[in-house]
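Novice:
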Amino acid sequence: MGTIRLTAAQAMVKWLSVQLTEEGERYIDGMWAIFGHGNVAGIGEALHAYRDVFPTWRGQNEQTMAHAAIAYAKGKKRTRAMAVTSSIGPGSTNVVTAAALAHVNRLPLLIVAGDVFANRKPDPVLQQVEDFDDGTISANDCFKPVSRYFDRITRPEHLLSALPRALRVMTDPANCGPATIAFCQDVQAEAHDWPEEFFEPRVWYIRRPAPDAGELARVAAAIKGAKNPVIIAGGGVIYSQAEETLAAFAAKHNIPVAETQAGKSALPQSHPMSFGASGVDGSAAANAVSASADVVIGVGTRFQDFTTGSRTMFAEGAKLVSVNIHGYDAAKHGAEALVADAKVALELLTDLLGDYRAEACDPAAREDWLRAVDAYCARPEDQDALPTDGQVIGAVQRATGESAIAMCAAGTMPGALKLLWQPSQGGYHMEYGYSCMGYEVAGAMGLKLACPEREVICFVGDGSYMMANAELASAVMRRIPFTVVLTDNRGYGCINRLQTMGCGGEPFNNMYVDCNIEAQPEIDYVAHAASMGAHAVKASGTDALEAEIAAARARNIPTVIVIDTIAKDFPGTGLETSAGEHGYFWDVAVPQVSDREKQRNRYAEYITQIAQQTGMN
């Protein structure tokens, strides 16, 4: 076998272009790039040389272009991914937040970050972060705690092992997450004689690990001994593509299913065993069956604090079972672990369970909850009054069909959507593991790239929109259509409610009216979005919102619909709302000492609530 002489950067791009999925598509679909000091000459030239076989897309901000890549991978159920490249200084550290988001959500992302000179001759170069006591440190070391794989390329031949290791992690269902290649800028441009076999096309297969026989038997026995089990469906169900398997399993064995943020839409809302959202922002129906369950079966969930009501949700003495691809997640909270692919595990469990059926769960509870949802989301009689978030969700639901995917990330809307949105299978996309404000617009673009056949509805509050909106311009340039529903409640309404109602505080520094400012802002979101080329309008009420959503389908660019909303009366906090007392405690520490009676009373309530927490590991 001969060799081929290329720079290290050229070799990387050429190699990435021939890494394939089982269907013969590129596993890394392409690279988002903002060029700067440390990646423009080496990586930039290489991307240009291979632009016909490995596309490059320009972003507006390193963090948000990485968010688009993450949303794409989530939309593809981790079967494909994207890469991002950045310069050596602020460009790289801008991506760190996105790396953490991908890490928390177990999503693949390839980060190729420019780095300082390996030869150190021109040090300190522009944008170099110097460690006074360690000459090997650069700004890219910030990626280490938020990457599943990290490597620094200080010689060209390092790529021969580093690149396959990075993709091994990204395609491993258990260890999936971001892989960071810190690529020294002088090494990018250095030539090397590469073995031709390195560039032979390679197919990456995603494993489906089968469970240990002993674990499988113990979990099957636990379920068989249960009278009132409940399933908590997490994102692992979707990544395993086990949606139909879960639907059949729940129906055959008469086990109600509650869902996490990541697991919502694994079952369509119409499935009779779909009891809705679990936990802090959960439905009355789901939380009732969870609280009375004698066996709780987690499938593909990491049992985050929202899902478990900060460890107060499940009945004392209930047995916890966890089916998960990673032993770390499967063993949480002292669960009986079943480490396996979700689809394989459910198929084997149903064989062992035979004709087992749980005692009949109360269908009336599910119907009562759905009626409450309908009432909360109903069209308001007064179209001149500010709508609630629930009424906005109801309008969007009425205006969309089976193809619609509701997506969001942070603020009030995640809790409201988890409780109120009634999706078809796959009709929900939420980034809530990291709850990252600013994910929404870029994420909608990435999601639409992953699912071009579906209608993508991006819910975003005015606070999140102000944090990161520039990828609207990228979507306009690339003609990527999606609809943004921008709810304007004039500040950080979600955190204001947590501050004032959840923690006993006073309104402070969240809503604009409570901030230390000289004048109240008058932000024209319509003009702002339109200035980037989007079609932008303001809806005067929910009827107008429905009409604008329908009109958006005819466009090949993003549509931004701004609607003013009321800053109060919402579901998803664990407080009583018009949808009923549905939520569970969420542990947010309350000050022990205060000169205000309201704060002292809230602390007394907090002490009572944390006493209900279990001692699970």
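FYI, the numbering for the sequence shown is 1 to 617, going by the UniProt record's numbering. Where a beta carbon is used, it is the ideal one built from N, C-alpha and C, also for glycine.
(1) Among ALA529, PRO452 and THR412, which residue has its Cα nearest to the Cα of MET466?
(2) Could you pull the start and end residues of the beta strand (DSSP E) that VAL116 belongs to?
(3) CB GLY317 to CB PHE585, shorter than 8 Å?
(4) Indicate the three-state DSSP secondary structure (helix, strand or coil) for HIS528 in the structure shown.
(5) Would LYS418 and ALA277 qualify as a contact pair, given that the criterion is a beta-carbon distance under 8 Å?
(6) Would you mind working out which of LEU370, PRO414, PHE249 and LEU216 sits nearest ALA330, comparing C-alpha positions?
(7) Using only alpha-carbon positions, find the residue among PRO387, TYR434, ALA372 and ALA442 that is nearest to GLN422.
(8) If you draw a straight line from the alpha carbon of ARG155 to that of ASN119, how long is it in whole angstroms?
(9) Who does THR308 pair with in a DSSP beta bridge?
(10) Starting from residue 627, follow its DSSP beta bridges and name the residues at the other end.
(11) Which full runs of the beta strand (DSSP E) of 3+ residues lie inside the region 341-377, going along the chain?
(12) Determine the closest residue to GLY235 out of TYR50, ALA258 and ALA378, with distance taken between C-alpha atoms.
(13) Provide the residue span of the alpha helix (DSSP H) that contains ASP245, from first to last.
(14) In the DSSP assignment, find the unbroken beta strand (DSSP E) run with ALA162 in it and report its ends.
(15) If you follow the beta strand (DSSP E) that VAL219 is part of, which residue opens it and which one closes it?
(16) Kindly indicate which three-state DSSP category MET31 falls into: helix, strand or coil?
(17) Residues in its own chain within less than 7 Å of VAL187 by CB, not counting five upstream and five downstream?
(18) Let me know the secondary structure DSSP gives VAL18 once reduced to three states.
(19) So which of ASP294, ARG479, GLN10 and ASN140 has the shortest CA-CA distance to LYS448?
(20) Measuring CA to CA, which of ALA360, SER424, GLY334 and ALA404 is closest to HIS253?
(21) Suppose the cutoff is 6 Å on Cβ atoms and the five residues either side in sequence are ignored; what does the same chain contact list for ALA262 look like?
(22) If I measure Cβ to Cβ from ARG208 and keep anything under 6 Å in the same chain, skipping five residues before and after, which residues do I get?
(23) Express the C-alpha separation of LEU370 and GLU546 in angstroms, rounding to a whole number.
(24) Quick check on DSSP: helix, strand or coil for TYR428?
(25) Helix, strand or coil: which one does DSSP assign to SER540?
(26) So what does DSSP say about SER92, is it helix, strand or coil?
(27) Taking the beta strand (DSSP E) that HIS37 falls in, what are its first and last residues?
(28) Going straight from the alpha carbon of TYR72 to that of ILE223, what length do you get?
(29) Quick check: what's the CA-CA separation for VAL392 versus ILE111?
(30) Would you say the beta carbon of ALA285 comes nearer than 7 Å to a heavy atom of the ligand COA?
(31) Between which two residues does the beta strand (DSSP E) containing ILE153 stretch?
(32) Could you check the C-alpha separation between GLN241 and ARG202 for me, to the nearest Å?
(33) Suppose you measure from the CA of GLY461 to the CA of THR542; what does that come to, to the nearest Å?
(34) Thinking C-alpha only, which one of VAL321, TYR149, HIS326 and VAL590 is nearest ALA335?
(35) Secondary structure at HIS103, three-state DSSP: helix, strand or coil?
(36) Can you tell me which of GLY411, ILE523 and GLY533 puts its alpha carbon nearest to the alpha carbon of ILE495?
Specialist: Reading it off the structure:
(1) Ranking ALA529, PRO452 and THR412 by Cα distance to MET466 puts ALA529 first.
(2) VAL116 -> no beta strand (DSSP E), and no H or E assigned at all.
(3) No, Cβ-Cβ distance for GLY317 and PHE585 is not below 8 Å.
(4) Here HIS528 sits in helix by DSSP.
(5) In this structure, ALA277 lies closer than 8 Å to LYS418 by Cβ.
(6) Nearest option by C-alpha distance: LEU216.
(7) For GLN422, the closest alpha carbon among the candidates PRO387, TYR434, ALA372 and ALA442 is that of ALA372.
(8) Whole-angstrom Cα-Cα distance: 10 Å.
(9) According to the DSSP secondary-structure assignment, THR308 is paired through a beta bridge with no residue.
(10) Given that the chain is displayed from residue 1 to residue 617, the structure contains no residue 627 and the question cannot be resolved.
(11) Counting whole runs of 3 or more residues, the region 341-377 contains no beta strand (DSSP E) stretch at all.
(12) Of TYR50, ALA258 and ALA378, the residue nearest in Cα terms is ALA258.
(13) Correcting the residue type first, residue 245 is Thr in the shown sequence and not Asp. 243-253 is the span of the alpha helix (DSSP H), which, as asked, contains THR245.
(14) Counted as a single uninterrupted DSSP element, the stretch harbouring ALA162 is not any beta strand (DSSP E) but the alpha helix (DSSP H) occupying residues 159-170.
(15) VAL219: not part of any beta strand (DSSP E); member of the alpha helix (DSSP H) spanning 213-224, first to last residue.
(16) Secondary structure at MET31: strand, using DSSP grouped into helix, strand and coil.
(17) Cβ-Cβ distances below 7 Å link VAL187 to ALA8, ALA118, ILE153, THR154, ARG155 and PRO156 in the same chain, with the five nearest sequence neighbours on each side left out; the list follows chain order.
(18) When secondary structure is reduced to three states using DSSP, VAL18 falls in the coil class, being assigned neither helix nor strand.
(19) It is ARG479 whose Cα lies nearest to the Cα of LYS448.
(20) It is ALA360.
(21) So the qualifying residues of the chain are GLY234 and GLY235.
(22) The answer, listed in chain order, is ASP341 and VAL344.
(23) If I take the Cα positions, the gap works out to 21 Å.
(24) Three-state DSSP puts TYR428 in a strand.
(25) Coil at SER540, not helix or strand.
(26) SER92 falls in the helix class under three-state DSSP.
(27) For HIS37, no beta strand (DSSP E) run applies, since DSSP gives it neither H nor E.
(28) Taken atom to atom, the span from the alpha-carbon of TYR72 to that of ILE223 is near 36 Å.
(29) Answer to the nearest angstrom: the Cα atoms are 37 Å apart.
(30) Absent from the structure shown: the ligand COA. Ligands present: none.
(31) Per DSSP, ILE153 belongs to the beta strand (DSSP E) from 149-153.
(32) So the two alpha carbons sit approximately 23 Å from each other.
(33) In this structure, the straight-line span from the alpha carbon of GLY461 to that of THR542 is close to 16 Å.
(34) Nearest to ALA335 by C-alpha distance, out of VAL321, TYR149, HIS326 and VAL590, is VAL321.
(35) Looking at HIS103 - three-state DSSP - the assignment turns out to be helix.
(36) Looking only at GLY411, ILE523 and GLY533, the smallest Cα-Cα distance to ILE495 is reached by GLY411.
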